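Protein chains in written order, with my numbering: chain A, 52 to 430; chain B, 16 to 337.
Spelled out as structure tokens, the structure:
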């Protein structure tokens with residue numbers, strides 16, 4: 052059972068899912084002879100950037116109305132992060148310490164370490180005993196950061212823990228960010244995967260916007276639209292003033308120019324159609340809800356199966372965690388048993404991809420957990 | 016992977032699996048990966064570009080952390096290659112530095128070395144033990160013949176240079192905005208090539224993880240399907256032929272206007288761009304009086320010339336240069 056997918060959605064049958072709205076968009080594009088292969092601008096497809104911005108900040112966002120938000124098409128979420136980190140290295144006047152959650156997506160550290168001018172730091176995030184966000188420890192660390200440091204936050208469906216701050220927690224986090232004048236970068240790879248409703252999932256970002264804070268959002272369309280290999284993403288920046296935002300955009304373009312000149316058009320056109328075409332938009336929203344629902348079902352199957360098998364421990368976190376992943380709480384040794392003895396492939400951190408769990412294998416998975424816990428204990 | 020290797024088809028390097036390749040975000044992406052790779056692994060951090068070169072070369076390599084220097088290339092008087100100057104400069108480059116060469120259809124001048132000149136350049140480069148990065152954005156587009164346009168790449172590989180190659184499919188496949196290119200390194204052995212490939216991936220991963228698939232599928236399909244490939248050869252030749260015929264039409268148009276200048280360089284230069292030799296003042300007049308838009312250095316994009324406007328252009332150019 053493959054539960055170590057990484058961020059890739061799978062259907063109940065364990066297959067990748069090309070969203071019907073994406074197929075339709077591709078059909079439309081293939082038969083449209085008015086479209087050519089000319090270069091996009093450095094900032095990419097404008098219709099995508101605009102729609103992506105409204106998706107993140109809200110249709111009637113005052114920030115957009117005040118022209119304080121700018122967006123640039125990127126090579127998926129990784130590409131957005133790269134440009135963002137390059138911006139911090141080349142143009143940001145503040146402290147180049149970048150605080151990342153412990154734990155976080157592995158590539159965050161790799162990317163930051165690759166840029167000599169940036170310093171990778173961590174803030175505590177996950178309390179393994181209570182299996183919740185240790186927001187007090189997190190805020191204490193951020194409070195001790197140098198003024199003007201940079202902090203990377205997962206907007207929703209935290210990878211790898213699946214545990215998100217509550218609204219109350221976000222208020223505390225925002226307060227310390229404001230107090231220390233931290234530059235905030237939101238990693239937004241899973242919009243809609245937490246609650247099924249992207250407006251709900253974007254709450255943290257919109258809250259920071261309402262407070263008048265400046266921040267970046269590194270957005271990926273890989274998971275939320277199933278576009279993975281087409282590499283579609285966006286880098287947003289919300290500035291204190293319109294002038295600042297637009298200056299930032301022109302600096303971001305300078306960075307893009309010497310990396311790849313302009314971004315790929317095909318995936319962007321698909322995403323733009325799915326967001327802007329009324330019928331495709333409705334279909335896409337349903338697809339997103341379906342992906343979210345399937346993952347919630349998988350969580351329920353596993354939770355129920357764990358209870359039925361009387362597996363020792365409290366497994367409620369399987370239900371309360373959000374998004375594609377679950378930090379099971381299994382130890383490295385227990386994971387090794389799962390992998391070697393039961394052929395359940397997960398990360399040794401205990402992270403499983405919920406897409407690997409189905410109604411038919413949940414029992415097997417639960418019983419394997421039980422055996423792993425008992426066997427590893429004996430060792 | 017196989018389809019990049021077709022571009023250096025029949026060479027020993029490919030048959031012995033010595034080439035490490037990766038798909039890139041078009042030519043720019045390939046050059047940036049090249050720059051980052053050189054910075055990370057090569058002993059020298061200096062790269063030499065021809066004067067002039069594509070405007071974006073300097074920021075790409077500078078942002079990769081390299082020091083950018085230059086070597087003589089274009090001769091204003093002849094509007095051709097300053098071959099002696101080029102050889103002289105190259106022979107003084109410090110050993111082990113990197114030299115960037117345009118494989119064909121030099122951008123912005125349109126001035127390319129002849130095969131005999133390439134042979135000599137290869138020897139001088141070898142004598143200085145330079146690392147060679149070849150920028151090939153116009154294969155097929157220059158002469159209309161893929162093999163001919165790849166002469167420098169093949170010669171250098173044959174001569175034993177372990178080249179770095181940045182390819183773009185933007186122009187020769189017309190896929191511009193899809194961003195399709197490739198970065199390759201010729202290794203010394205099969206196992207070195209494998210090691211190189213994994214190191215290239217390590218360079219790419221923190222930048223954008225992986226390139227856009229659609230572009231690769233498009234180009235890969237054309238390159239690997241015999242019928243489509245044959246069609247492509249015809250299409251590329253068609254594009255190149257149109258450019259060549261516009262060059263000829265412009266030259267004869269100027270002669271018809273009674274111009275006394277030597278316009279041989281219009282047809283001797285090759286590829287999309289043409290360094291006309293016009294001064295900034297003449298260029299300004301062209302723009303103001305005739306609504307002809309070109310860069311201040313007198314460079315025209317021959318792609319902008321068609322049978323509908325070539326007479327007008329010849330008349331305009333004659334008027335400002337007579």
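Virtual Cβ for every residue (Gly too), placed ideally from N, Cα, C.
Quantities reported herein were computed from a predicted structural model and do not represent experimental measurements.
Residue i, buried or exposed, once every other Cβ within 10 Å from all chains shown has been counted against 16
i: residue 127/B; result: buried
i: residue 281/A; result: buried
i: residue 381/A; result: buried
i: residue 336/B; result: buried
i: residue 394/A; result: exposed
i: residue 242/B; result: exposed
i: residue 25/B; result: Its pLDDT being 46, under 50, residue 25/B is placed unreliably in this model, and the coordinates cannot settle the point.
i: residue 83/A; result: exposed
i: residue 281/B; result: buried
i: residue 187/B; result: buried
i: residue 181/A; result: exposed
i: residue 217/B; result: exposed
i: residue 249/A; result: buried
i: residue 97/B; result: buried
i: residue 191/A; result: exposed
i: residue 138/B; result: exposed
i: residue 381/B; result: With chain B running from 16 to 337 in the structure shown, residue 381/B is simply not present.
i: residue 74/A; result: exposed
i: residue 271/A; result: buried
i: residue 51/B; result: buried
i: residue 56/B; result: exposed
i: residue 402/A; result: buried
Straight-line Cα distance separating residue j from residue i
i: residue 285/A; j: residue 262/B; result: 42 Å
i: residue 117/A; j: residue 322/A; result: 25 Å
i: residue 53/A; j: residue 129/A; result: 24 Å
i: residue 407/A; j: residue 310/A; result: 36 Å
i: residue 94/B; j: residue 129/B; result: 15 Å
i: residue 144/B; j: residue 117/B; result: 18 Å
i: residue 267/A; j: residue 292/A; result: 14 Å
i: residue 244/A; j: residue 164/B; result: 50 Å
i: residue 363/B; j: residue 43/B; result: No answer is possible for residue 363/B: it lies beyond the span of chain B, which begins at 16 and ends at 337.
i: residue 85/B; j: residue 64/B; result: 5 Å
i: residue 366/A; j: residue 70/A; result: 32 Å
i: residue 266/B; j: residue 273/A; result: 52 Å
i: residue 433/A; j: residue 67/A; result: The structure shown has nothing for residue 433/A, since chain A only spans 52 to 430.
i: residue 149/B; j: residue 279/A; result: 31 Å
i: residue 375/A; j: residue 207/A; result: 11 Å
i: residue 92/A; j: residue 314/A; result: 8 Å
i: residue 34/A; j: residue 111/B; result: The structure shown does not extend to residue 34/A, since chain A is modelled only from 52 through 430, so no value can be given for it.
i: residue 238/A; j: residue 197/B; result: 29 Å
Any non-hydrogen atom of the ligand ZN closer than 7 Å to residue i Cβ
i: residue 75/A; result: Among the ligands in the structure shown, none appear at all, so the ligand ZN cannot be discussed.
(message) List, from N- to C-terminal side, the alpha helix (DSSP H) runs of 4 residues or more that fit wholly inside the region 305 to 346 of chain A.
(response) Within the region 305 to 346 of chain A, the runs of alpha helix (DSSP H) that reach at least 4 residues and sit entirely inside it are, in chain order, 316 to 327.
(message) Measuring CB atoms only, is the region 142 to 153 of chain A touching the region 185 to 198 of chain A, in the sense that at least three cross pairs come out at less than 8 Å?
(response) Verdict: yes, contact present.
(request) Please list the residues of the region 289 to 316 of chain A that have a C-beta atom closer than 9 Å to any C-beta atom in chain B, keeping them in chain order. (result) Listed by position along the chain: 305, 306, 308, 309, 310, 311, 312, 313, 314, 315 and 316.
(message) Please give the ranges of any alpha helix (DSSP H) in the region 81 to 110 of chain B, keeping only runs that are unbroken, at least 4 residues long and fully inside the region.
(response) The alpha helix (DSSP H) runs of length 4 or more contained entirely in the region 81 to 110 of chain B are, from start to end of the chain, 98 to 105.
(message) Please identify, using Cβ separations under 7 Å, the residues of the region 68 to 102 of chain A that lie next to chain B, in order along the chain.
(response) Along the region 68 to 102 of chain A, the positions whose C-beta sits under 7 Å from a C-beta of chain B are 88, 89, 90 and 91, read in chain order.
(request) Name, going along the chain, the residues of the region 186 to 206 of chain B whose beta-carbon falls closer than 7 Å to a beta-carbon of chain A. (result) Result list: 189, 190, 191, 192, 193 and 194.
(request) Determine contact between the region 348 to 357 of chain A and the region 319 to 338 of chain A, defined as no fewer than three beta-carbon pairs at a distance below 8 Å. (result) Under the three-pair Cβ rule at 8 Å, the region 348 to 357 of chain A does not count as touching the region 319 to 338 of chain A.
(request) Would you list, in chain order, the members of the region 103 to 127 of chain A that have their beta-carbon closer than 9 Å to a beta-carbon of chain B? (result) Among the residues of the region 103 to 127 of chain A, those with a Cβ less than 9 Å away from any Cβ of chain B are 125, 126 and 127, in the order of the chain.
(message) I'd like to know if the region 225 to 236 of chain B and the region 185 to 193 of chain B are in contact, where contact means that at least 3 CB-CB pairs between them fall below 8 Å.
(response) Output reads yes: the region 185 to 193 of chain B touches the region 225 to 236 of chain B.
(request) Check distances from the C-beta atoms of the region 160 to 175 of chain A to those of chain B and list, in chain order, the residues that come in under 7 Å. (result) Flagged, chain order: 161, 162 and 165.
(request) Would you check if the region 324 to 343 of chain A and the region 95 to 104 of chain B touch, i.e. whether three or more CB-CB distances between them fall below 8 Å? (result) Verdict: no, contact absent.
(request) Check whether the region 126 to 140 of chain A touches the region 299 to 310 of chain A, taking contact to mean three or more Cβ pairs, one atom from each stretch, closer than 8 Å. (result) Yes: the two stretches touch, three or more of their Cβ pairs being nearer than 8 Å.
(request) Quick one: which residues of the region 381 to 394 of chain A get their C-beta closer than 8 Å to a C-beta of chain B? List them in chain order. (result) Here the close residues number zero.
(request) Decide yes or no for the touch test of the region 378 to 392 of chain A against the region 415 to 425 of chain A: beta carbon pairs closer than 8 Å, at least 3 of them. (result) As far as the Cβ criterion goes, the region 378 to 392 of chain A touches the region 415 to 425 of chain A, which means the pair count is three or higher.
(request) Take every Cβ of the region 245 to 264 of chain B, pair it with every Cβ of the region 73 to 91 of chain B, and state whether three or more of those distances are shorter than 8 Å. (result) Contact between the region 245 to 264 of chain B and the region 73 to 91 of chain B is not established, with fewer than three Cβ pairs separated by less than 8 Å.
(message) Taking 8 Å as the cut-off, does the region 217 to 228 of chain A touch the region 159 to 176 of chain A (at least 3 CB pairs, one atom from each stretch)?
(response) No, the region 159 to 176 of chain A does not touch the region 217 to 228 of chain A.
(request) Decide yes or no for the touch test of the region 256 to 270 of chain A against the region 224 to 235 of chain A: beta carbon pairs closer than 8 Å, at least 3 of them. (result) Output reads yes: the region 224 to 235 of chain A touches the region 256 to 270 of chain A.
(message) Going residue by residue through the region 66 to 130 of chain A, where are the continuous alpha helix (DSSP H) segments of at least 4 residues, counting only ones entirely within it?
(response) If we require 4 residues or more, the alpha helix (DSSP H) runs fully inside the region 66 to 130 of chain A come out as 71 to 81, 97 to 108 and 113 to 116.
(request) Taking a Cβ distance cut-off of 9 Å, strictly less, list which residues of the region 257 to 280 of chain A are near chain B, in chain order. (result) Taking 9 Å as the Cβ-Cβ cut-off against chain B, the residues of the region 257 to 280 of chain A that qualify are 279 and 280.
(request) Give, in chain order, every residue of the region 208 to 238 of chain B whose Cβ lies closer than 8 Å to some Cβ of chain A. (result) Correct list: 220, 221, 222, 223, 224, 225, 226, 227, 228, 229 and 230.
(request) With a floor of 3 residues, list each beta strand (DSSP E) that falls wholly inside the region 133 to 176 of chain B, ordered by position along the chain. (result) The beta strand (DSSP E) runs of length 3 or more contained entirely in the region 133 to 176 of chain B are, from start to end of the chain, 146 to 151.
(request) Check each residue of the region 218 to 241 of chain A: if its Cβ is closer than 7 Å to any Cβ of chain B, include it; give the result in chain order. (result) From the region 218 to 241 of chain A, no residue has a Cβ closer than 7 Å to chain B.
(message) Ignoring anything shorter than 3 residues, give me the beta strand (DSSP E) runs that lie fully in the region 196 to 260 of chain A, in order along the chain.
(response) You should have 201 to 205 and 234 to 239.
(message) If we require 4 or more residues per run, which alpha helix (DSSP H) segments fall completely within the region 277 to 301 of chain B?
(response) Whole alpha helix (DSSP H) segments, 4+ residues: 279 to 283.
(message) Using a Cβ-Cβ cutoff of 7 Å, what residues of the region 70 to 104 of chain B are near chain A? List them in chain order.
(response) The region 70 to 104 of chain B vs chain A, Cβ under 7 Å: 71, 74, 75 and 78.
(request) For the region 253 to 285 of chain B, enumerate the residues whose C-beta is nearer than 9 Å to any C-beta of chain A, in chain order. (result) Against chain A - using a Cβ distance shorter than 9 Å - the region 253 to 285 of chain B contributes no residues.
(request) Select from the region 139 to 163 of chain A all residues with a C-beta closer than 8 Å to any C-beta belonging to chain B, and list them in chain order. (result) From the region 139 to 163 of chain A, only 158, 161 and 162 have a Cβ closer than 8 Å to chain B.
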